[in-house]
Amino acid sequence: MSEERPLLRLDGVTSGYGPIVAVRDASLEVRSGEIVALLGANGAGKSTLLMTVAGLVRPTAGNIELDGSRIDGLKPEEIVRRGVALTPEGRGIFSHLTVADNLRIGAAVRKDRAQIATDAEEMCTLFPILGERRRQLAGTLSGGEQQMLALARSLMSRPRLMLLDEPSLGLAPRIVAQIFEMLRKLPERGVTVLLVEQNVSLALDIAQRGYVMASSELQLSGTAAELRSAVDLEQVYLGSAGDAPEPAATGGR
Amino acid sequence: MAVFARLISSRFMRSVLRTAVPLVVVLVAVMVVGAVMAPDGRGATYRLLVNFLITVVIVVALQMFTGNSGIVSWGHAAFVGIGAYSTAWFSVPMVIKEDIFPGLPAWMMGAEWGLVPCLLVSTAIGALAAAVVGLAICRMKETAMAMSTLGLLVIAHGIYSNWEGWTRGTEGVYALPTNTTIYIACGFACLAVLLAVMFKYSRVGLRLQASREDPLSAESTGVSVVRARYFAWVASAAMSALAGSLWAQFNLAFGPAQFYYAQVFAILSMLVIGGLATVSGALVGAGITTVIFEVLRGVENEGNLFGIEVPQISGLAQMILALITLLILIFRPNGLLAWWELDGWIVKARDRFWKGGRKLAPDAGEKGGE
Amino acid sequence: MSASEIGQQLINVLSLGSTYALLALGLALVFGVMGLVNFAYGELVTITGYTMYLMTINGVPWGLAVVCGITFATIASLLMERLAFRPLRNASFLTLLFASFALSVILQNVFRATVSPRTKGIRGPGLLIESLQIGPLTISWMSIVTIVVGAAALILLTLFMRGSLAGISMRAAAENFSVARLMGIKANRVIALAFVISGLLAGVAGVLWVSRSGSVSPAMGFVPILKAFIATVIGGLGSLPGAVLGGFVLAAAEIFFIVVLPTSVQPFSDPFALLLVIAILYFKPNGLLAPVAERV
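Shown next as structure tokens:
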């Protein structure tokens, strides 16, 4: 349906862990400058899908293309060099390193020393709390601060595409609002976003489009507005989306 | 309720027997070969076969602990040593004992016991030692436990080498009576196999295996796993001490070096080669290792391989064994038998032989236990 | 015990402890990034020893032999990773431990077959045997050199681990290997680097070890790996400061028992120290400075 080439395209991707299939025959597209939400219940396979894109899990079937070139089968350290940054669930900050060192590691793929320092400064203005805690061990930060650090760390690699896994997990509403406000502005910085989120209304607030995943498969997709009105998302979260009447919105599949 | 219980227990026994019987057949076959070839109980082959049967007890004992819990133990050779030394204390003739064990108390000095009392007392002492040590180490994490059992080995070696009055230090012990015959060795090997298989299929054994597969669930069920571990630890140590007693009453002289690094490595290799997860693996590993050692010992000592002259190489047998172990770990990390007991492999082979036979369920041995 | 005796023993603790700390650090670094307790680590010490032995008996000056000993240990460490451990990436703790144990036995027998099964003497510079009198204290040059070298190595390693991107990457990988890869840290490179530094540390510790003992033998690696293993576990396996602390605690325990035990029980000082260590683990099952985060 799109005329221009999508930034990320998954075509019939199946992946999982050993004999367990966590993602089955998933096809989706994320276009440059979009925020796309990936919704679904716990254990639906959303995190595995993100990890497959990032290279942590190898797909057993299907293609993954970034800006037209295949990235499936590459190592995670190669995929991040092509401009894909995954902020993992549970944030995955390095708690034994200082905030500054976490940011420095985030830029591990880059060689432009001077620019890295400027970017780190910028992160500290974007998230002032990180500037204050620069010399502190990241493990001493609060949950919200850790999430900000994780986002800042991902941004340090100057990604084209950010994969975010549950950025609101376990955070106070005030902090979540703050973080989502920042996420909304990511496309302005030239960053495209694929967002996995349990909190549907939050996700659809900032996303233009979305996909719904249930029992390892992408069940439906549409614009944020379509998804909001057409689907009784409750059902999806109870894991019965497959039985739900097919909604009107099927764009992008 | 009672009927149900009986059903469970009979199923349990059925799967135990299905796994144990082929192994017992192998062991008895070894015994028959030995008895026929050397009816007088002498000669190198006889010695080899008896030592193999005793080795089976040692490896099966370690399998009971490491195979089920997934925790390495370097310490089991120390328990074999405890069995051997305790046997010496109670069986060496008094005249010699006064000379080599001056530290023994009077009542032990006079003891010149036979096979059975020696086995009993050795097993008891081994179990007691393991019970005390186990209190400390069974609640540790896997890594700390591995280190502590290594520490245990070093401590035991230090004691055997330095406790002059009771162990004669590095000079070693001699003059034990010959009580172990091929029949006795075979009997205990069969018993060890049966007990290990029963433990594997028992509730405690299954719980321990579950903790090995998934350390997270092991932590959530904390207390019961520590208890299961403790039970396996004491039982397998007692069995090791029993094997040590059998071994001492066959080999008659020994020193602290016999229960150290090289032995630990040999036992662990046997387990790795055959496969940690199964009792059959322990037996197969012991068999293969014994053969390798026997063939290569010729090369090492006489420069002779199947009658062909080859250069003498010091430590060759051990080096080849280590190489095989490493290759097995890389290319077949679960050992030769992996998850199947011997009976499973027999069924598999039979089905392959009768082509068109039904496709085999993954584990015939385990299936019976459900 | 007089103050000067206490001072004397403190110096012994410092000197023994810094050797143990270096050994433990090398073991802990590799464990951190790969989950492997490298049992063949002790053989790196042996390789250093044999390199020095073979070079010095052929008239190579001591200093050059030391440099070559450390270099060979480092190369051997890297080779171990490539040949034995790379095929076992992601294997379980138990498999890795067995594999390194097997590798250790292979190497011991290679030494036995190629050099000699017997213990060989090795002579260091005469200075190391002499002592220095400072007030009431008699301090051997060996102790001074050990303490200075140990301290220098610790400081350099700390600077590297905290200041350089490679060092920070290695610490990051030790905490969470997958996330480190997501940051673009190359798995092969960071593991190889850990083995290189581990080999360097084993080499430096090996020089100190061999200079102190004055001999080399095929199975001599067992004691260093044992001490390193104990030290890392007491300190909390995976924690680098823990490894250093563990090394000094172990040295203190050993020297304490040597000092307090009567002569008749003296041979049991090592078993006593080990029992003390096991007792520490009973109360702190995760070690003194257990790392907070779990490996993923």
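Chains as they are written, first to last, in the numbering used here: chain V, 1 to 253; chain X, 254 to 623; chain U, 624 to 919. No residue lacks a Cβ here, since even glycine has one placed at the ideal position from N, Cα and C. If you're wondering where the values come from, they're calculated on a predicted model, not measured in any experiment.
Pick out whichever of the options has its Cα sitting closest to the Cα of residue i.
i	options	result
Ile814 of chain U	U:Met675, U:Gly682 and U:Arg705	U:Arg705
Ser836 of chain U	U:Gly758, U:Ile745 and U:Phe695	U:Ile745
Ile14 of chain V	V:Asp72, V:Asp101, V:Gly43 and V:Arg31	Per the sequence presented here, residue 14 of chain V reads as Thr, with Ile not at that position. Among V:Asp72, V:Asp101, V:Gly43 and V:Arg31, the Cα nearest to that of Thr14 of chain V belongs to V:Asp72.
Ser792 of chain U	U:Ala817, U:Val772, U:Val771 and U:Ala776	U:Ala817
Val333 of chain X	X:Tyr483, X:Ser401, X:Leu368 and X:Ala510	X:Ala510
Val325 of chain X	X:Val517, X:Val600 and X:Ile577	X:Val517
Gly55 of chain V	U:Val846, U:Gly807, U:Gly859 and U:Ile670	U:Gly807
Ala851 of chain U	U:Ala663, U:Glu628 and U:Phe734	U:Ala663
Met765 of chain U	U:Ala803, U:Gly826 and U:Val833	U:Val833
Thr125 of chain V	V:Lys111, V:Arg5, V:Val30 and V:Met148	V:Met148
Leu904 of chain U	X:Phe265, X:Ala297, X:Leu549 and X:Thr396	X:Thr396
Ile779 of chain U	U:Leu823, U:Thr742 and U:Val660	According to the sequence shown, residue 779 of chain U is Leu rather than Ile. The option with the nearest alpha carbon to Leu779 of chain U is U:Leu823.
Terminal residues of the continuous beta strand (DSSP E) containing residue i?
i	result
Tyr17 of chain V	Leu8 to Tyr17
Ser754 of chain U	Ser754 to Ile757
Thr761 of chain U	Leu760 to Ser763
Ile35 of chain V	Ile35 to Gly40
Which of helix, strand or coil does DSSP assign to residue i?
i	result
Val57 of chain V	coil
Met162 of chain V	strand
Met213 of chain V	strand
Ser470 of chain X	Residue confidence is low: Ser470 of chain X scores 48 on pLDDT, short of 50, so the model does not pin down where it sits. Its coordinate-derived value is still stated next. Ser470 of chain X: helix per DSSP, three-state reduction.
Gly622 of chain X	A caution first: Gly622 of chain X carries a pLDDT of 33, below 50, which makes its placement in the model unreliable, though a value can still be read off. Three-state DSSP puts Gly622 of chain X in coil, outside helix and strand.
Val84 of chain V	strand
Ala22 of chain V	strand
Asn807 of chain U	Residue 807 of chain U is actually Gly in this sequence, not Asn. The answer is coil: DSSP assigns Gly807 of chain U none of H, G, I, E or B.
Glu630 of chain X	The question about residue 630 of chain X has no answer here: the residues shown for chain X are numbered 254 through 623.
Val196 of chain V	strand
Phe354 of chain X	coil
Thr98 of chain V	strand
Lys46 of chain V	helix
Leu505 of chain X	coil
Ser641 of chain U	helix
Lys601 of chain X	helix
Arg70 of chain V	strand
Applying a beta-carbon distance threshold of less than 7 Å, which residues of chain V neighbour residue i?
i	result
Arg705 of chain U	Result: empty, since nearest Cβ-Cβ is about 18 Å, beyond 7 Å.
Asn799 of chain U	Gly92 and Phe94
Mind pulling the chain U residues with CB within less than 8 Å of residue i?
i	result
Gly18 of chain V	Chain U residues near Gly18 of chain V: none, gap ~12 Å exceeds 8 Å.
Ser15 of chain V	Under the 8 Å cutoff, chain U gives no residues; its nearest Cβ is about 15 Å from Ser15 of chain V.
Ala397 of chain X	Val856, Leu860, Leu904, Pro908, Asn909 and Gly910
Ser157 of chain V	Met806 and Gly807
Name the two residues that bound the continuous alpha helix (DSSP H) containing residue i.
i	result
Glu188 of chain V	Neither: Glu188 of chain V is in no alpha helix (DSSP H) and is coded neither H nor E.
Thr376 of chain X	Leu368 to Ile390
Ala725 of chain U	Phe716 to Thr737
Asp119 of chain V	Arg113 to Leu126
Lys453 of chain X	Ile435 to Tyr454
Gly858 of chain U	Phe845 to Gly858
Trp327 of chain X	First-last for Trp327 of chain X: undefined, no H or E at that position.
Interface residues of chain U around residue i at Cβ under 9 Å?
i	result
Arg81 of chain V	Gly807
For residue i, go through chain U and note every residue whose CB falls closer than 7 Å to its CB, in chain order.
i	result
Leu86 of chain V	Leu805
Lys394 of chain X	Pro908 and Asn909
Val525 of chain X	Phe721
Gln571 of chain X	Val728 and Asn732
Taking Cβ-Cβ distances shorter than 8 Å, what residues in chain X pair up with residue i?
i	result
Phe879 of chain U	Here the premise fails: no neighbours, minimum Cβ distance about 17 Å.
Applying a beta-carbon distance threshold of less than 8 Å, which residues of chain V neighbour residue i?
i	result
Asn713 of chain U	Within chain V, no residue comes near Asn713 of chain U; the closest Cβ sits about 12 Å away, beyond 8 Å.
Taking beta-carbon pairs under 8 Å, can you tell me which members of the region 162-183 of chain V lie near chain U? none
Of the residues that make up the region 778-797 of chain U, which ones have a beta carbon closer than 7 Å to any beta carbon in chain V? Leu788, Ile791, Ser792, Arg794 and Ala795
Along the region 90-111 of chain V, what residues have a CB closer than 7 Å to any CB found in chain U? Gly92, Phe94, Ser95, His96, Leu97, Asp101, Arg104, Ile105, Gly106, Ala108 and Val109
If contact means a Cβ-Cβ distance below 7 Å, which residues of the region 40-68 of chain V contact chain U? Ala54 and Leu56
What residues in the region 822-846 of chain U have a beta carbon less than 9 Å from any beta carbon of chain V? none
Output, in sequence order along the chain, the residues in the region 882-914 of chain U whose CB is closer than 8 Å to any CB in chain X. Pro890, Phe891, Asp893, Pro894, Leu897, Leu898, Val900, Ile901, Ala902, Leu904, Tyr905, Pro908, Asn909 and Gly910
If contact means a Cβ-Cβ distance below 9 Å, which residues of the region 298-325 of chain X contact chain A? The chain inventory of the structure shown lacks chain A, comprising the protein chains V, X and U.
Of all the residues that make up the region 497-523 of chain X, which are near chain U by a beta-carbon distance shorter than 8 Å? Tyr514, Phe518, Leu521 and Ser522
Near-chain X residues of the region 846-867 of chain U (beta-carbon distance less than 7 Å), N- to C-terminal order: Leu849, Phe852, Ile853, Val856 and Leu860
Which residues, in order along the region 657-673 of chain U, keep a beta-carbon less than 8 Å from a beta-carbon of chain X? Val660
Using a Cβ cut-off of 7 Å, which residues of the region 720-733 of chain U contact any Cβ in chain V, in chain order? none
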